[in-house]
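Colleague: Numbering (the working numbering), first residue to last: 1 to 252. Using N, Cα and C, we set each Cβ at its ideal position, and we do this for glycine too. It should be emphasised that the depicted structure is a prediction, and the values quoted were computed from it without experimental measurement. Would you mind keeping the following structure in view while I ask a few things?
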């Protein structure tokens, strides 16, 4: 029986009560197991270069999840964040080098929301800190509600660019996605190819063109109830297949 691939998911570092905890949202763990068909392995965010390299020796793929926190803007040469902005210094110190090394070593990589922004920054791209305040841009923030089905409901269209992977997965030129962010791509990183854009021109998906393995990222949240969305399943299935191929090669 073929072994399932190990999918590493780096953690946020969150304060719960008196102590910091390493944590990953349940929906990412569930999607890595159910949609990608892997064995999720949570990676602590310690910012240790030796541990980051050792982690990549263990896993067959890396899923960079979303998070309430934002990347510290000095990583993309921008001015300070507004007061009250949530940051996660230890996650930055882990995921940014982890993403870079995964691409270099040909470890399959899927970035979601914050993970999408992380890969862009790693590749030299920059971010809008408040997309909704940019002229001509939509408000991409989630609705003000505690109802998760409304929060993660379809929010806007995206245009799937010709000859893109995602157009092939969707079998169409447009799709509807949820939208739960206010940061977004200002300039696309070197070597990244846009795959989908919102109607205001904001890039919503890209691939790493010269990557040795699957390296893809999306701004929305395909992990949310992926079983109800054919395009979400396709994204995770493509990632999972790349992880299985790496697992098979490593076992040969």
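Does the count of Cβ pairs from the stretch 109-129 and the stretch 181-192 closer than 8 angstroms reach three?
Modeller: The stretch 109-129, when compared against the stretch 181-192, does touch it at the 8 angstroms Cβ threshold.
Colleague: If contacts are defined as beta-carbon pairs under 8 angstroms, then residue 119 and residue 111 qualify, I think. What distance do you get, rounded to the angstrom?
Modeller: Sure, about 5 angstroms apart at Cβ, within 8 angstroms.
Colleague: By how many angstroms is the C-alpha of residue 115 removed from the C-alpha of residue 153?
Modeller: Straight-line Cα distance between these residues: approximately 20 angstroms.
Colleague: Considering only their Cβ atoms, is the gap separating residue 69 from residue 48 smaller than 7 angstroms?
Modeller: No, they are not a contact pair.
Colleague: With DSSP collapsed to three states, give me the class of residue 126.
Modeller: If DSSP states are grouped into helix, strand and coil, residue 126 belongs with the strands.
Colleague: With distance defined between alpha-carbon atoms, name the residue in 176, 64, 156 and 209 nearest to residue 32.
Modeller: Nearest of 176, 64, 156 and 209 to residue 32, Cα basis: 64.
Colleague: So is residue 18 buried or exposed if we call it buried at 16+ other beta carbons inside 10 Å?
Modeller: It counts as exposed.
Colleague: Going by alpha carbons, who is nearest to residue 193 out of 206, 202 and 183?
Modeller: Looking at the Cα atoms, 206 is the closest of the given residues.
Colleague: Would residue 243 and residue 80 qualify as a contact pair, given that the criterion is a beta-carbon distance under 7 angstroms?
Modeller: No, the Cβ-Cβ distance between residue 243 and residue 80 is not below 7 angstroms.
Colleague: How far does the alpha helix (DSSP H) with residue 94 in it extend, from its first residue to its last?
Modeller: Element bounds for residue 94: 89-105.
Colleague: Tell me whether residue 82 sits in a helix, a strand or coil according to DSSP, three-state version.
Modeller: In this structure, residue 82 counts as coil in the three-state DSSP scheme.
Colleague: Using the rule of at least 16 other Cβ atoms within 10 Å of the residue's Cβ for burial, across every protein chain shown, is residue 21 buried or exposed?
Modeller: Exposed is the call here.
Colleague: Do residue 29 and residue 40 have their beta-carbon atoms positioned less than 7 angstroms apart in this structure?
Modeller: Yes; because the gap between Cβ atoms is below 7 angstroms, this pair is in contact.
Colleague: Taking C-beta to C-beta, are residue 163 and residue 174 nearer than 7 angstroms?
Modeller: No, Cβ-Cβ distance for residue 163 and residue 174 is not below 7 angstroms.
Colleague: Could you tell me which of 72, 91 and 92 sits nearest to residue 83, measuring between CA atoms?
Modeller: Of the candidates 72, 91 and 92, the one whose C-alpha sits nearest the C-alpha of residue 83 is 72.
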